[in-house]
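> Below you'll find the structure I mean.
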Amino acid sequence: MTDVIAPPAAGGGSLIPGMGTEHVAHAHEDHGPTGLMKWITTTDHKVIGLSYMITAVALFYIAGLLALGIRVQLTTPAGTFISFQQFNQLFTMHGSIMMYLFAGPFAFGGLANYVVPLQIGAPDMAFPRLNALSYWLFLGGATTMLMGFFVGGGAADFGWVAYAPLSTTTYTPGPGEDLWIMALVLTGFSAIFTGVNLVATIFYLRAPGMTMFRMPIFTWNMLVTGILILIAFPVLTAALVMLFADRHFGTMIYSVTGCHTVTGTPDAHACGSAVLWQNLFWFFGHPEVYILALPYFGIVTEIFPVFSRKPVFGYKGMVFATMSIAALSTGVWAHHMFTTGTVLLPFFSLMSLLIAVPTGIKFFNWIGTMWRGQLVYKTPMLMAIGFLFAFLMGGVTGVMLAAPPIDFFVHTTYFVVAHFHQVLFGTAVFGGFAGLYYWYPKMFGRMLNDRLGKWHFWLLFVGFWLTYMPQYILGLHGMPRRVASYPSNLGWQSWNIASTIGAFMIAASFMFLLANFWMSWRYPVPAGDNPWDAHTLEWFTTSPPPHHNYTHLPTIRSERPTWDYNHPQSPNIRHGSGRTRAAPGHSNGHGPGGSGNGAAPGHGNGSGMERREGPVS
Amino acid sequence: MSQPVDQSPAGTPLSTNRDAAVAGSPAAPAAAGEPAPAPRPRRSRWLGAAVLAVGGLLLAGCQIPTFSATKPTTTQGQDAIKLWQGFFIAGAIVFVIVFCLIAWAVFRYRRRSDAIPQQTQYHTILEIVYTAVPVVIVLVLFAFTFVTENNVDALPAPRLTVTVTGFQWGWRFHYTTKNVTVIGVELQDPQMVIPVHEAVRINLQSHDVIHGFYVPAFDFSRYAQPGIINKFTITPQSTGTYHGQCTQYCGLYHSLMRFRVKVVSATQFAAWVSTHHSSGPQKSVPTVERRALGKSTPSSTATPNSNASTHTSTAATYQTGSTGL
Ligand code: HEM
Ligand SMILES: [Cu+2]
Ligand SMILES: [Cu+2]
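Protein chains in written order, with this note's numbering: chain A, 1 to 617; chain B, 1001 to 1325.
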């Protein structure tokens, strides 16, 4: 193990931080190349995490532009802004980039990469070189996918789900589709490697005292996400390899071309199964939506406690809720296939409805965390609250979709588009950018401007609701998704115009983010180590953290060591008992500031605690 | 060639005025009602609560009984809509409760001092309650879902069977026992005629990729897939012409893969069958909208699958095919 743990850079060695004992004074050492070479050759999880985030956010802007193209086309019933073929490419690439290249990589490649080792007091990821490989595979995959726009026939245009047999060469013969498949194989491996890395890091590299049930919820969620990645992504990769074989090596796995007449009985021996693709895809695809959601749940679960100045409410319940979401998510894939007429409706319906329970638990955890708190409305908190409202609406409509008779009439309409944007946008955009505003000071040692952040939030919030609420109505009125034109006599146009206006407000809001980046680059405001009075370990080190993250660690007695360190009088308490969680079995005074015993952080002026030294230079 | 088949070239006169029929379609609800109010924290919680209440009333007031869903015109659709109403109301209640809890927390607990709040982390009874109650809600919802889905998917002995075939980019309606076939010429809207108050069995399949058979006024859809025959029943309750459209993305002209369902009285249906059984093929003309597409017309962006000759041979295949089920 040691040789993989050891960062390969000069002076690596084993650097697992101990219990506030001897630490290598390390920060002054020079660690390899600087400048561009540093970004290319690095195996430092922080630099890799930043590369991931920068790439993913750039791709988010690109996919957002594509969405604007879609929305412009739909402002009139027979839009002529782009051709049908271009339209089909736009929604395919928008969906694909958002799902495969932004939402996932931003969370588990970017933020998790950066934050998880810090949160558990590790010097790096378990496999730093594999981590670098993940990033380069991701970048290669992203480039491959975008390349589609420049080849003959254009980018892939079979939707982000690439349903067979539309995705076989009979119907989509172009190189753009092949590039799309190759891109997903590359990014799929990237995700798998990151999943391995996260799981190994969290299991093996926790600092002394950081037991599993003292890990921050973000880290917990990344652990579960990592496991889900290992369950889901190999299935996608295998399915894609088979699709590629169908396209180029003459296999008939999904392909049905020429193997049956339209009214005759299919010849089972000559036929592939188109519905097999759907089963495989959604066996990946539904866990995937939780792979995209859990990290963002984790982000807001860091933010709510910090900006409410309280611990996470129902911490353990939340962990179990996350696990049961993950477990259930592997058994609901066919709710995307209710209208195929080939799946057992009651089973998948019940499983899908049940997922609402752990999700509901999370809601009450978040609300309970804010309850009786002292809520501070900085941008990260506003974004997190924006997430709550968005996800609430998306979740309620998700429950409706779990009922097959309802799904029958809203499936593949704009109702579904509205639903999945409210959950995906709610998580990846509100949650994701909440995380960006929250951890930016840690990453760069500079604050983002809160005024600009609030502009960003409010425009985004209003634009979001304006974009998607009309789409619910459109779906209920029967407007199918993925259409480039629609009948003019069904009253759909005004709702579409409203939705387009909302989309432009969203676009405008993201100009404020760019402005904010520029401000912090041009007029830096130093952040200090812990600008939010946050709870978890990463706020104990400097901003940005030194090469191997920590020179000293506080004693870890609960899931919020930095808070315990800074507020020794205010440990976690259990309702009614007044007992500290950190020292079960010992009785304490009631309420915050109650006198603790020697083992509890509430005791006096922090005896038994590592004294923190000044910022490491 | 025992069946009259509609594959006449575009432009021949049409027996029924389709454009007019769709314009008057009951499947076109006016843009009624408001989108549900966008929840948004406000400075004053009272204002927020008031907006919510008024918005909710407004929403309920003008949308009862279908909450914006298309008014069903089949017995199956009526069942589905009842379930939808139940889910909508249950969903609205849950939404409002959780919304109010969030809004209360957001407004009530805005930071007022530097005091550190009580660091409560667990409340066992509360945790049990908010786990158990959703389980009960979900099980109740499931029970209703189960009953409804059996009704909607029931396959009573049909009075009439229509084999519906989707193809890129059109539809074919074959009346198995009546020797009638209607084919939409590629990119033109064919019309399926069925009698009112009768259980009509649809056998749905696809000639190429996956399509979606969707009639909003029936509040029902189902995939048309190659190699799979999907069976379902529709029992129309009122006459009229209804807009239908492919919902599963199926390639270049997916957007234009529309059709109509005309529900007529039993006698009209018998008359329709006899004319189409004996006389020549039913004809299609391009709709006005189709012509207005400008640069997006089929000829300007043809794909290997979208040229006219492919289409003609496609239609010919149908014609010679057996009657299926
Ligand atoms: C930035 C603002 C966004 C806007 C304005 C937007 C808008 C749209 C529009 C107009 C469509 C096409 C709907 C259709 O024709 O059926 C679409 C599809 C889609 N969007 Fe977004 N979207 C946004 C963000 C996102 C995000 C953040 C995600 C996911 C993380 C996402 C995932 C998808 C997916 C998966 C599709 C389906 C693509 C397909 O049909 O194959 N979108 N979006
Ligand atoms: Cu799913
Ligand atoms: Cu289609």
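The C-beta atom is built at its ideal place from N, Cα and C for all residues, glycine as well.
Keep in mind it's a predicted model, so treat the numbers as computed, not measured.
(1) How should G79(A) be labelled, buried or exposed, when 16 other C-beta atoms within 10 angstroms of its C-beta is the threshold for buried?
(2) What does the Cβ neighbour count give for Y523(A), buried or exposed, with the cut at 16 atoms within 10 Å?
(3) With burial defined as no fewer than 16 other Cβ atoms inside 10 Å of the residue's Cβ, what is the status of W180(A): buried or exposed?
(4) Can you tell which of Y1130(B), W1171(B), A1092(B) has the C-alpha that lies nearest to the C-alpha of V1261(B)?
(5) Under 8 Å, do T358(A) and I325(A) count as touching if we go by C-beta distance?
(6) Taking 8 Å as the limit between beta carbons, can you name the residues of its chain near A292(A), skipping five residues before and five after?
(7) Which residues in chain B sit within 7 Å of Y163(A), going by Cβ to Cβ distance?
(8) Taking only beta-carbon atoms, is G1091(B) less than 8 Å away from chain E?
(9) Please return the same chain residues whose Cβ sits closer than 6 Å to the Cβ of G176(A), not counting the five positions on each side in sequence.
(10) With a threshold of 7 Å on Cβ separation, who are the neighbours of A1069(B) within its own chain once the five nearest residues in sequence on each side are excluded?
(11) I'd like to confirm something about M1257(B): is its beta-carbon nearer than 7 Å to some heavy atom of ligand 3, or not?
(12) Nearest by alpha-carbon distance to H1123(B): which of A507(A), P380(A), G317(A) is it?
(13) Would a check of beta-carbon distances place L1252(B) closer than 8 Å to chain A?
(14) Using only CA atoms, which one of G174(A), N197(A), T225(A), L133(A) lies nearest to L186(A)?
(15) So, at 7 Å on beta carbons, what are the nonlocal neighbours of A1199(B) in its own chain, with the 5 sequence-adjacent residues on each side left out?
(16) So, under 8 Å CB-CB, M53(A) and G110(A) are touching, yes? Tell me the CB distance rounded to an integer number of Å.
(17) Distance check for H248(A) and G1251(B), CA to CA, integer angstroms please.
(18) Kindly list the residues whose CB is nearer than 7 Å to the CB of G1077(B), restricted to its own chain and excluding five residues on each side of it in sequence; keep chain order.
(19) Relative to the C-alpha of G386(A), which residue among M37(A), H456(A), S83(A), L344(A) is closest?
(20) Would you kindly check if the distance between the Cβ of Y472(A) and the Cβ of F391(A) is under 8 Å?
(21) Considering Cα atoms alone, identify which of P1216(B), G1244(B), V1138(B), T1181(B) is closest to W1272(B).
(22) I need the straight-line Cα distance from S488(A) to M479(A), nearest angstrom please.
(23) Go ahead and pull the three-state DSSP assignment for G602(A).
(24) Report the neighbours of G314(A) on chain B: residues whose CB is nearer than 7 Å to its CB, in chain order.
(25) With DSSP collapsed to three states, give me the class of W160(A).
(26) Can you check whether the CB of L459(A) is closer than 8 Å to the CB of S520(A)?
(27) Does any CB atom of chain B fall closer than 8 Å to the CB of K310(A)?
(28) Give the single residue among T92(A), L90(A), G121(A), S83(A) whose Cα lies nearest to the Cα of P554(A).
(29) Let's test the definition: count the other Cβ atoms within 10 Å of the Cβ of P1039(B) and tell me whether it reaches 16, buried, or not, exposed.
(30) Any residues in the region 88 to 101 of chain A with a beta carbon nearer than 8 Å to a beta carbon of chain B? Which ones, in chain order?
(31) Please specify which runs of the alpha helix (DSSP H), each continuous and at least 4 residues long, are wholly inside the region 527 to 566 of chain A, giving them in chain order.
(32) Under 8 Å between C-beta atoms, does R574(A) make it to chain B?
(33) Is V423(A) near ligand 2, in the sense that its beta carbon is under 7 Å from a heavy atom of that ligand?
(34) Can you confirm whether V399(A), when its beta carbon is compared against all beta carbons of chain B, has any partner nearer than 8 Å?
(35) Using the C-alpha atoms, what's the distance from T541(A) back to K310(A)?
(36) Which residues of chain B have a Cβ atom closer than 7 Å to the Cβ of V429(A), listed in chain order?
The relevant details are as follows:
(1) By one-based count along the first sequence, residue 79(A) stands at place 79. G79(A) should be labelled buried.
(2) Counting from 1 along the first sequence, the entry for residue 523(A) is found at position 523. Looking at its Cβ environment, which holds fewer than 16 other Cβ atoms inside 10 Å, Y523(A) is exposed.
(3) The residue given as residue 180(A) occupies position 180 in the first sequence. Label assigned to W180(A): buried.
(4) Position 261 of the second sequence, counted from the first residue, corresponds to residue 1261(B). Comparing Cα positions, the closest option is W1171(B).
(5) Indexing the first sequence from 1 puts residue 358(A) at position 358. Indexing the first sequence from 1 puts residue 325(A) at position 325. The sequence as given places Pro at residue 358(A); Thr does not occur at that position. Remark: C-beta atoms of P358(A) and I325(A) approach each other more closely than 8 Å.
(6) Counting from one through the first sequence, the residue named residue 292(A) turns up at place 292. Note on identity: in this sequence residue 292(A) is Leu, with Ala being the wrong assignment. Counting only Cβ-Cβ distances below 8 Å, and skipping sequence neighbours, we find M99, A103, G104, A107, L424, T427, A428.
(7) Translated into positions along the first sequence, residue 163(A) becomes position 163. The contacting residues are I1210.
(8) Given the protein chain composition of this structure (A and B), no chain E is represented.
(9) Start at 1 with the first residue of the first sequence, and residue 176(A) comes out as number 176. So the list reads G148, V151, G153, G154, A155, A156, once near-sequence residues are dropped.
(10) Here residue 1069(B) corresponds to residue number 69 of the second sequence, with the count starting at 1. The answer, listed in chain order, is I1081, W1084, D1219.
(11) Locating residue 1257(B) in the second sequence gives position 257, where the first residue counts as 1. Yes; taking the cut-off as 7 Å, the Cβ of M1257(B) has a heavy atom of ligand 3 nearer than that.
(12) On the second sequence, residue 1123(B) is found 123 positions in, with the first residue counted as 1. Per the Cα distances, G317(A).
(13) By one-based count along the second sequence, residue 1252(B) stands at place 252. Yes, L1252(B) lies at the interface with chain A (some Cβ there is under 8 Å from its Cβ).
(14) Along the first sequence, read from residue 1 onward, the residue named residue 186(A) stands at position 186. Of the candidates G174(A), N197(A), T225(A), L133(A), the one whose C-alpha sits nearest the C-alpha of L186(A) is L133(A).
(15) Position 199 of the second sequence, counted from the first residue, corresponds to residue 1199(B). Only residues of its own chain outside the window of five on either side were considered, and among them P1156, P1158, R1159, T1233, T1235 have a CB closer than 7 Å to the CB of A1199(B), listed in chain order.
(16) Here residue 53(A) refers to the residue found at position 53 of the first sequence. Here residue 110(A) refers to the residue found at position 110 of the first sequence. Indeed, because the Cβ distance is near 4 Å, the residues count as touching under 8 Å.
(17) Mapped onto the second sequence, residue 1251(B) falls at position 251. Mapped onto the first sequence, residue 248(A) falls at position 248. Looking at the two C-alpha atoms, the distance is approximately 20 Å.
(18) The residue given as residue 1077(B) occupies position 77 in the second sequence. Short of 7 Å from the beta carbon of G1077(B), and not among the five residues preceding or following it, lie these beta carbons of its own chain, in chain order: F1218, D1219, F1220.
(19) The residue given as residue 386(A) occupies position 386 in the first sequence. With respect to the C-alpha of G386(A), the residue from M37(A), H456(A), S83(A), L344(A) having the closest C-alpha is H456(A).
(20) Position 391 of the first sequence holds residue 391(A). Position 472 of the first sequence holds residue 472(A). No.
(21) The sequence position of residue 1272(B) within the second sequence is 272, counting from 1. Ranking P1216(B), G1244(B), V1138(B), T1181(B) by Cα distance to W1272(B) puts T1181(B) first.
(22) Here residue 488(A) refers to the residue found at position 488 of the first sequence. Here residue 479(A) refers to the residue found at position 479 of the first sequence. Those two C-alpha atoms are separated by around 11 Å.
(23) For the purposes of this step, residue 602(A) is taken as the residue at position 602 of the first sequence. Caution applies to G602(A), whose pLDDT of 33 falls short of 50 and renders its modelled position unreliable; the model cannot decide the point.
(24) Working through the first sequence from its first residue, we reach residue 314(A) at position 314. What G314(A) touches in chain B: Y1122, E1127.
(25) Along the first sequence, one-based indexing puts residue 160(A) at 160. Residue state, collapsed to three classes: coil.
(26) Your numbering for residue 520(A) matches position 520 in the first sequence. Your numbering for residue 459(A) matches position 459 in the first sequence. Their beta carbons are not under 8 Å apart, which means S520(A) does not touch L459(A) by this criterion.
(27) Your numbering for residue 310(A) matches position 310 in the first sequence. So yes, K310(A) belongs to the interface.
(28) Position 554 of the first sequence holds residue 554(A). Taking only the C-alpha atoms, the option nearest P554(A) is G121(A).
(29) Locating residue 1039(B) in the second sequence gives position 39, where the first residue counts as 1. Because P1039(B) sits at a pLDDT of 43, beneath the cut-off of 50, its placement in the model cannot be relied upon, and the point is left open.
(30) Of all residues in the region 88 to 101 of chain A, N88 have a Cβ within less than 8 Å of some Cβ in chain B.
(31) Secondary structure remark: continuous alpha helix (DSSP H) runs of at least 4 residues inside the region 527 to 566 of chain A, in chain order: 561 to 566.
(32) Here residue 574(A) is taken as the residue at index 574 of the first sequence, counted from 1. Interface residue, yes.
(33) Within the first sequence, the letter at position 423 stands for residue 423(A). Residue side-chain check: V423(A) keeps its Cβ at 7 Å or more from all non-hydrogen atoms of ligand 2.
(34) Here the question's residue 399(A) lines up with position 399 in the first sequence. Chain B contact via Cβ: present.
(35) Taking the first residue of the first sequence as 1, we reach residue 310(A) at position 310. Taking the first residue of the first sequence as 1, we reach residue 541(A) at position 541. Distance between the alpha carbons of K310(A) and T541(A) is about 21 Å.
(36) On the first sequence, position 429 is the one that residue 429(A) refers to. Here the premise fails: no neighbours, minimum Cβ distance about 16 Å.
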